[in-house]
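Residue numbers (our numbering), protein chains in the order written: chain A, 1 to 178; chain B, 1 to 178.
Idealized CB from N, CA, C, for every residue including glycine.
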């Protein structure tokens with residue numbers, strides 16, 4: 001991450017990353033398919049965490065509440081302490097098309113996994129897909145706002161705020177004139 | 001498209017595509033950056049169409065109405081006559097990770113362009129981003145349902161239906177038990 005931020009993603013070699021981490025190149029490739037994967041190391045764990053949270057949500061909760069609560073839980077246990085890391089990672093990703101592609105694929109995979117987890121709870125389609133897609137959409141917006149924010153607001157705060165704004169937006173509410 | 005459907009995307013060479021289209025390979029590369037691009041030929045035109053529709057929407061419309069109307073307009077003028085084509089294209093894309101990546105990038109680019117077009121109309125953030133993201137999310141769900149549907153329902157029908165379902169979902173409505 002430090003090397004990517006300093007030298008740029010393209011001009012950082014796997015050998016350099018491995019050296020910095022005290023690994024041989026061979027060991028590096030045992031852990032990561034390629035140098036892009038380093039930045040997406042946590043994606044599998046995040047997906048497991050979110051799917052687990054959906055599975056144990058109260059059965060009385062509406063699908064969107066289930067998703068939003070899972071995202072808030074992940075924010076609290078995974079992200080809040082790591083805004084500086086998230087900020088640097090985000091800057092590297094948006095500067096590189098290939099990384100952005102992979103980020104989008106990971107988010108789409110996450111949306112599919114969440115839709116599946118809702119279906120497992122008996123939520124019919126298209127509600128399951130729509131709730132999962134809406135959740136990932138509002139998470140993207142909330143995450144960007146959190147990363148851009150210079151204050152002390154939490155990611156959980158932005159997720160809850162984006163969720164109620166998403167509700168107002170899809171209900172056809174007009175924003176207050178500037 | 002026919003060649004991709006018959007032989008699979010990986011084993012179709014640019015030379016074959018060019019031959020089928022009555023072009024030399026050199027002419028092919030003048031029109032397309034690579035063989036993936038053939039499948040995304042219409043993406044730029046679609047984006048222009050949608051942004052144009054957003055620009056000329058009545059100023060009294062709520063942001064989500066502006067987006068949904070633009071999508072319905074595109075459905076009517078671009079997609080309705082081409083379900084068979086859309087179905088074959090979709091089958092090729094979901095079977096290939098690289099194509100799926102590019103499809104996701106195109107959709108994300110479309111969401112950004114629509115958010116920009118809303119900002120141009122004076123819609124503040126995060127409303128502009130949320131309306132555009134919600135619009136693309138419901139379009140993805142509607143498009144898949146239209147492609148999968150064996151009946152005669154239009155894409156416009158599925159977009160309007162997904163839009164009102166999205167509203168119910170984000171409002172926290174619980175789906176009827178199965």
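Closest by C-alpha distance to residue 175 of chain B, when choosing among A/50, A/100, A/171, A/63: A/63
Partners in chain A for residue 170 of chain B, counting only beta-carbon separations shorter than 7 Å: 64, 134, 166, 167, 170
Chain-ordered residues of the segment 121-133 of chain A with a beta carbon less than 8 Å from chain B: 122, 123, 124, 126, 127, 129, 130, 131, 133
Same chain, Cβ closer than 7 Å to residue 56 of chain A, neighbours up to 5 away in sequence not counted: none
Alpha-carbon spacing of residue 38 of chain B relative to residue 90 of chain A, whole angstroms: 31 Å
4-residue-minimum alpha helix (DSSP H) runs that sit fully inside the segment 82-141 of chain B, ordered along the chain: 83-94, 97-120
C-alpha distance - residue 132 of chain A paired with residue 67 of chain A, whole-angstrom precision: 7 Å
Whether residue 80 of chain A touches residue 40 of chain A by CB criterion (9 Å): no
Buried versus exposed call for residue 124 of chain A [16 or more other C-beta atoms within 10 Å across all chains shown]: exposed
Residue 42 of chain A versus residue 74 of chain A - alpha carbon distance: 12 Å
CB contact check: residue 162 of chain B to chain A, cutoff 9 Å: yes
Where the alpha helix (DSSP H) containing residue 63 of chain B begins and where it ends: 63-74
Span of the alpha helix (DSSP H) around residue 156 of chain B: 155-170
Any C-beta of chain B under 9 Å from that of residue 81 of chain A: no
Pairwise C-alpha distance: residue 156 of chain B and residue 84 of chain B: 16 Å
For residue 46 of chain B, the first and last residue of its enclosing alpha helix (DSSP H): 43-55
Exposure of residue 152 of chain B, with buried meaning 16 or more beta-carbon neighbours within 10 Å: exposed
Assigned secondary structure, residue 149 of chain B (DSSP; H/G/I helix, E/B strand, else coil): coil
Proximity test, Cβ basis, 9 Å: residue 97 of chain A and chain B: yes
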